[in-house]
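Let me begin by presenting the structure, written as structure tokens, before commenting on it.
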Amino acid sequence: MTRTGIEAALTDLILSSDLPVQEAVDRHFTPEYRQRTDGRWDDRAGFVEHITHVRSVVSGGRVEVHDELYDGGKYADRHTVHLTKTDGSTVSMEVYVFAEIGPDGRFSRIEETTLLLQGSDADRGIGSAR
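In our numbering, the protein residues as written are 11 to 140.
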């Protein structure tokens, strides 16, 4: 079993425009995937919709993982996402993640809290997996 991590997942989801969104999601997330970001729950369909929108406004960036821990089917990390939007503005978000990883190594649930470091209030959520 190859298990995923947040850097690989976010790079495929947001920064790999040549990879179809659905293929990126299938690569890193189980069919029953759900996520809570800053108190708001999304199912997999809502997640795909969000990622599709994010891709439409992001032109580049990088994911910087500061801390990462695997413990069986549990996962935690702290990372910063640095993005450049298509309008030239930049967004940086620090994200704290607690997750469950399914038996096949993909995320089955993520709960995360985000901290906007650079950008406007309208950018909240753009650098998260939500």
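Here a beta-carbon is modelled for each residue, glycine too, at the ideal position from N, C-alpha and C.
Subject >> Where Ala19 falls, given that 16 or more other Cβ within 10 Å makes a residue buried >> reply: Under this definition Ala19 is a buried residue.
Original post:
Tell me which same chain residues have a C-beta within less than 6 Å of the C-beta of Ala86, skipping the five on either side of it?
Top reply: For Ala86, same chain residues with a beta-carbon under 6 Å away, outside a window of 5 residues either side, are Leu79 and Phe108 in chain order.
**OP:** Under 8 Å by Cβ, that's how I've got Arg37 and Asp22 pegged, so tell me the actual separation to the nearest angstrom.
**Re:** Contact flag correct, Cβ pair sits at about 6 Å.
Original post:
Three or more beta-carbon pairs under 8 Å between the segment 62-77 and the segment 39-47, yes or no?
Top reply: Verdict: no, contact absent.
**OP:** With DSSP collapsed to three states, give me the class of Thr29.
**Re:** Rather than Thr, the amino acid found at residue 29 in this sequence is Leu. Here Leu29 sits in coil by DSSP.
Subject >> CB contact flag (Ile24, Arg65, <8 Å) >> reply: Cβ distance < 8 Å, so Ile24 and Arg65 count as in contact.
Original post:
What residue does the beta strand (DSSP E) around Arg119 start on, and which one ends it?
Top reply: In the DSSP assignment, Arg119 falls within the unbroken beta strand (DSSP E) covering Phe117 to Gln128.
Original post:
Span of the alpha helix (DSSP H) holding Arg54?
Top reply: Counting along the chain, Arg54 sits inside the alpha helix (DSSP H) bounded by residues Arg54 to Val67.
Original post:
Roughly how many angstroms lie between the CA atoms of Arg46 and Asp97, to the nearest whole one?
Top reply: The straight-line gap from Cα to Cα measures roughly 28 Å.
Original post:
Mind checking Ala55: buried by the 16 CB within 10 Å criterion, or exposed?
Top reply: Result: exposed.
Subject >> Simplified DSSP assignment, three categories, for Arg134 >> reply: Residue state, collapsed to three classes: coil.
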